[in-house]
Structures are given as structure tokens and as C-alpha cells.
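S.K.: My structure is below; once you've seen it, I'll send some questions.
In UniProt numbering, the protein residues as written are 1 to 534.
Below is the structure:
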């Protein structure tokens with residue numbers, strides 16, 4: 001009899017809850033906690049709690065279970081890291097979202113004064129950083145408009161504003177933009193600038209982000225910063241507290257690529273914005289099918305494999321739209337997510353279909369399956385209902401643990417059963433509340449709406465009655481006017497009746513006509529004259 005991977009995992013025993021969390025075995029985790037293990041047990045080596053281990057390894061289901069059962073989200077390690085710090089470092093954006101929903105503090109600082117936004121920017125986790133920034137914007141919005149409802153959708157149509165997470169400073173006055181520039185994280189740098197982070201801020205030594213990018217030789221970040229500054233020459237001539245310009249720092253640390261670029265700008269007067277595509281070089285490379293540039297940017301950590309541009313498109317979207325099969329194959333091998341949707345709600349396969357790239361559609365169909373099966377026809381009784389139907393887990397980085405399809409499907413089934421259990425408990429709680437004489441928010445709103453409807457109905461009925469009376473008055477006036485018109489017409493006919501009758505011809509007129517016809521001048525003779533004699 002052949003043993004499946006699930007059977008092997010069931011037979012495996014763990015010495016601590018931390019090992020069960022790292023393996024993603026939520027059943028063993030629940031069993032060990034039930035037998036008396038502490039849910040906040042500290043690891044002797046790294047001083048990690050199970051929640052720290054789940055955020056670090058990307059064990060999403062275990063993290064959900066721990067949060068459901070009251071794990072402490074404020075517990076810190078020896079370096080002052082919370083679970084949110086570890087999720088930011090590892091790029092576990094799904095874990096970060098779960099922590100935020102459960103009240104994790106994004107302003108918590110470690111021993112160096114770094115918040116999760118600093119660490120996400122330093123490690124190039126752009127989507128995790130976007131999750132952090134968006135949560136800060138949502139919080140600021142509700143502080144400004146406390147009466148706004150989350151279902152209104154207003155937040156997603158407003159322009160992003162600067163939050164404390166984007167402008168927080170550590171002990172050296174380094175903000176997330178300084179970390180992104182120093183470590184060459186172009187995607188995070190672009191994201192921070194779009195969210196309003198100031199690139200003119202200096203640290204305790206007077207260094208701009210451009211100074212830090214020049215020190216480390218990150219040419220793409222340096223070009224982007226120069227293009228976004230108010231003046232190109234102002235950026236190149238800016239000095240820190242030691243009197244050093246970006247050129248001085250590049251010369252001291254032998255960054256020839258920075259020196260060559262500064263020389264080309266100063267001598268040839270070349271404007272950086274017209275030199276090349278600076279905003280999203282990897283997306284431009286994927287669009288052109290330049291695999292060498294794309295591979296170099298991804299492997300050097302300049303951008304993430306699932307980096308989004310300003311329209312939400314990933315590298316897969318750009319390559320699929322142009323049908324670059326070699327780029328798509330390499331991105332898939334590197335673990336790019338094929339189910340991410342852009343701002344228009346399209347996956348890479350949808351983009352390939354729109355541009356009739358049949359080879360790309362075939363390749364992506366083999367990866368994601370056929371989406372024309374009709375998910376709306378499935379229900380919980382069909383096992384296909386629990387198959388993957390979208391983005392699964394984190395997109396910035398893949399989890400350390402590797403689960404097969406059966407284990408992932410079982411996790412979705414357990415989560416769905418959890419939903420059903422909570423719905424039943426919610427119905428019971430509503431029933432208990434009503435039995436105690438309470439009224440729910442929905443019922444209160446429904447009664448308020450009913451009163452408004454009744455009031456509006458009463459007003460409309462009164463208006464209808466007034467219109468009916470007005471119509472009757474108008475009809476009576478119309479009848480009176482019609483009667484008056486008939487009377488006036490009759491009087492006019494009586495007044496003009498003689499003149500209107502035709503005159504009969506008299507008989508004498510006929511004889512006169514005949515006489516006139518008879519009386520004619522006699523013909524004149526040509527000779528002779530009559531003479532009367534007396």
C-alpha cells in the first residue's frame with residue numbers, strides 16, 4: 001500500500017509547537033495546545049513565539065488559528081521585533097493583512113527604531129509595504145470621517161495621502177525612502193514617492209536618499225531620484241554635513257556607473273527623464289521581451305518578481321500582452337503568480353486573450369487551468385468548489401513550507417467549515433439578543449427605513465389628493481369654457497346668417513339678357529341716304 005504525503009505528515013511527531021507551525025500542521029498545533037502547551041511559548045534559540053514562527057515562515061493557516069485563539073500580537077523578540085516586523089522582512093503580505101485585521105501595531109519600533117514599513121522597504125517587499133501604507137490611509141480616513149462606512153467604497157477612489165508609516169524616522173532619521181534608496185529597492189522607492197514620501201528629507205548626517213543610492217552604486221534608484229527632484233543640478237550639487245556631494249561619495253566608494261551617469265548629465269546636458277524609461281524598467285524590459293535586463297533586475301533585488309506598476313500590472317501582464325513566451329517561461333520558473341489581477345481585474349491570461357497571443361494563452365492555461373468551467377455553478381457539495389480560484393497566500397515571497405494541493409484544499413475546507421460554524425453562532429447570538437429585548441443595528445436601520453417610507457408614502461398620497469381636487473376644478477372650468485364657446489358660436493351664426501345665404505336670380509334678368517342679345521346694331525349699307533320730305 002502506497003503512503004501519501006499527508007499520511008507521512010500525520011505520522012510525524014513534533015517536539016514543540018514551533019516545529020508544528022513551521023511545518024504548517026494546524027491539526028497537530030491544535031492538539032498540542034489542547035494538551036497544555038502555551039500558545040505564546042517562547043523558543044529558546046530565537047525567542048520566537050508560535051505567532052512569530054508563522055509570520056516568518058508564511059504558515060498562513062497556523063497564523064489564522066493562533067490569532068483566532070488569542071495569540072499575543074504585541075510580543076517582541078530580543079531585537080524588538082513583533083510578528084508584523086517579521087512579516088515585513090519576509091514579505092508575507094497575506095500574514096501582514098491577517099495581523100492588521102487582528103489589531104497589530106504598525107507603529108511599533110524595534111531596537112533601532114524601525115517600524116515594519118522601514119523593514120519592508122529595506123528588503124524590497126513592495127506589496128507588503130503597500131498593505132502597510134494603505135492600512136495607515138484607511139485609519140487616517142476614519143479618524144477624519146468617523147461616520148463613513150467601510151462598505152461605501154470611498155477609500156478606493158481617493159488619492160493616497162502621506163501617512164505616518166511612510167514618513168516615520170528611525171534613530172538615525174532614516175525614513176523608508178532612505179532604506180529603499182540605500183538597498184536599491186526601486187519598486188519600494190517608487191511606491192513611497194507615489195504615496196507622498198518626501199525625497200528631500202535628510203538623515204542625521206545630512207544625506208539625501210540620492211546620497212545613499214550613490215554610495216551603494218544603485219544606478220536605477222539614483223536616476224529615479226534625480227528625475228523626481230525639483231532640479232537636476234540641485235541634486236547633483238547637494239552636500240551632506242561633511243560637505244560631500246553624490247559625486248564625491250561615488251568616487252570614494254568606486255561606483256563607476258554613478259560617475260559615468262553624472263558626467264553624462266553634466267557635460268552633455270542629458271535630461272534623465274528623456275534618457276530611458278525610469279519609472280518601471282523591469283516592466284519595460286518585459287514589454288520589449290528583453291530577458292537579460294529582466295533577469296538582472298530581478299536577481300539583483302531591484303524589483304520583486306510580482307512587482308506592480310502604477311496600473312497594477314505585473315511583469316507577467318506585460319510579457320503576456322506581447323506574447324514573449326521566453327519571458328513568461330522564465331517568470332513562471334522563478335515563481336511568479338499567474339493569478340494576480342491588475343486594476344482592470346484582468347489576469348495575465350486575460351491580457352493575452354485580449355491581444356490574441358494564443359501561444360501565451362496556451363502556456364498560462366497549462367499553469368492556471370481553464371477558467372471557463374463556471375465557478376458560479378459550483379456549491380459546497382462539489383469538491384471543485386474548494387479548488388484554488390484566485391491569489392493564494394503571499395505574493396511578495398513564497399512561503400518556506402511547501403504544501404501539496406491536497407493539503408491546501410483541506411485548509412480551504414477547514415476555513416469554510418469555520419465560516420459555517422461562525423454563521424450558526426452568529427444566528428444564535430442574534431436570537432439570544434432579541435429574546436432579551438434588544439434590537440440589532442440592521443433591525444434599527446430597517447425600522448428607520450420603514451418610517452421614512454411611510455412618511456414619504458403619506459406625503460405622496462396627500463399630494464395625489466390635492467392633484468385630484470385640482471384636476472376636478474380644471475375639468476369643471478373646461479366644461480364651462482366649452483359651454484361658453486358653444487353659446488358664442490351660435491350667436492355668431494345667428495348674427496351673420498343673411499349675409500351668408502346665396503341670392504336667387506330674378507326672372508327679368510333672363511329676359512333682359514335675351515333682349516340684350518337680340519338688340520344688335522343693324523348692318524350699315526354702302527350706298528344711299530334717306531331724306532324725309534315735308
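Idealized CB from N, CA, C, for every residue including glycine. A quick note: this is a predicted structure, and the numbers were derived from the prediction, not measured.
1. Measure the CB-CB distance between residue 322 and residue 357 and report whether it falls below 9 Å.
2. Kindly confirm or deny that the region 405-418 and the region 102-117 touch, where touching means at least three C-beta pairs closer than 8 Å.
3. Please name the residue, chosen from 72, 313, 463 and 27, that lies closest to residue 337 on a Cα-to-Cα basis.
4. Does DSSP put residue 331 in a helix, in a strand, or in coil?
5. With a Cβ-Cβ cutoff of 9 Å, do residue 169 and residue 125 count as a contact?
6. Assuming residue 181 and residue 133 are in contact, meaning their beta carbons sit under 8 Å apart, how far apart are those beta carbons, in whole angstroms?
7. For the alpha helix (DSSP H) that contains residue 287, what are its first and last residues?
8. Which residue comes first and which comes last in the alpha helix (DSSP H) that contains residue 492?
9. With DSSP collapsed to three states, give me the class of residue 300.
10. Report the residue from 20, 434 and 24 whose alpha carbon sits nearest the alpha carbon of residue 32.
11. With distances taken from CA atoms, which of 208, 341, 44 and 287 is nearest residue 229?
12. Which value, in whole angstroms, describes the spacing of the CA atoms of residue 427 and residue 437?
13. With distance defined between alpha-carbon atoms, name the residue in 70, 447, 102 and 107 nearest to residue 81.
14. Taking residue 200 as the reference, give the member of 37, 36, 177 and 424 with the closest Cα.
15. According to DSSP, is residue 42 helix, strand or coil?
16. In whole angstroms, give me the CA-to-CA distance for residue 127 and residue 294.
17. In this structure, does DSSP put residue 229 in helix, strand or coil?
18. Could you tell me whether the Cβ atoms of residue 439 and residue 451 are closer together than 9 Å?
19. On the criterion of 16 or more Cβ atoms from any shown chain inside 10 Å, does residue 101 qualify as buried, or is it exposed?
20. From residue 494 to residue 477, what does the alpha carbon distance come to, in whole angstroms?
21. Straight-line CA distance for residue 423 to residue 135?
22. When burial is assigned at 16 or more other CB atoms within 10 Å of the CB, is residue 96 buried or exposed?
23. Cα separation between residue 464 and residue 99?
24. Using CA atoms only, rank isn't needed, just tell me which of 339, 363 and 235 is closest to residue 327.
25. Helix, strand or coil for residue 70, going by three-state DSSP, please let me know.
26. Which residue's Cα is closest to the Cα of residue 257: 216, 431, 470 and 409?
27. Rounded to a whole number of angstroms, what is the C-alpha to C-alpha distance between residue 160 and residue 462?
28. Grouping DSSP H, G and I as helix and E and B as strand, with all else coil, what is residue 57?
29. Whole angstroms are fine: how far does the CA of residue 251 sit from the CA of residue 231?
30. Should residue 91 and residue 183 be called a contact, given that it needs their Cβ atoms to be closer than 9 Å?
31. Whole angstroms are fine: how far does the CA of residue 239 sit from the CA of residue 77?
32. Roughly how many angstroms separate the alpha carbons of residue 407 and residue 22, rounded to a whole number?
33. Return helix, strand or coil for residue 318, following the three-state DSSP convention.
34. Please determine, among 203, 210 and 246, the residue with the shortest C-alpha to C-alpha distance to residue 189.
35. Please classify residue 49: is it buried, with 16 or more other beta-carbons within 10 angstroms of its beta-carbon, or exposed?
M.R.: Taking the geometry as given:
1. Note that the C-beta distance between residue 322 and residue 357 is below 9 Å.
2. Taking 8 Å as the limit for Cβ pairs, the verdict is that the region 102-117 does not touch the region 405-418.
3. Measuring C-alpha to C-alpha distances from residue 337 to each of 72, 313, 463 and 27 identifies 313 as the nearest.
4. helix
5. no
6. Residue 181 to residue 133, Cβ: 17 Å. No contact.
7. 281-288
8. 441-495
9. Three-state DSSP puts residue 300 in coil, outside helix and strand.
10. Minimum Cα distance to residue 32 is reached at 20.
11. 208
12. Linking residue 427 to residue 437 through their CA atoms gives a straight-line distance of about 16 Å.
13. 107
14. Checking every option, the nearest Cα to that of residue 200 belongs to 177.
15. coil
16. 19 Å
17. coil
18. no
19. exposed
20. In a straight line, the C-alpha of residue 494 is about 26 Å away from that of residue 477.
21. 27 Å
22. buried
23. Computed Cα separation, rounded: 57 Å.
24. 363
25. coil
26. 216
27. The predicted position of residue 160 is uncertain, since its pLDDT is 43 and thus under 50; a value taken from the coordinates is nonetheless stated next. If you draw a straight line from the Cα of residue 160 to the Cα of residue 462, it is about 49 Å long.
28. helix
29. 22 Å
30. The Cβ atoms of residue 91 and residue 183 lie no closer than 9 Å to each other.
31. 38 Å
32. 15 Å
33. helix
34. 210
35. buried
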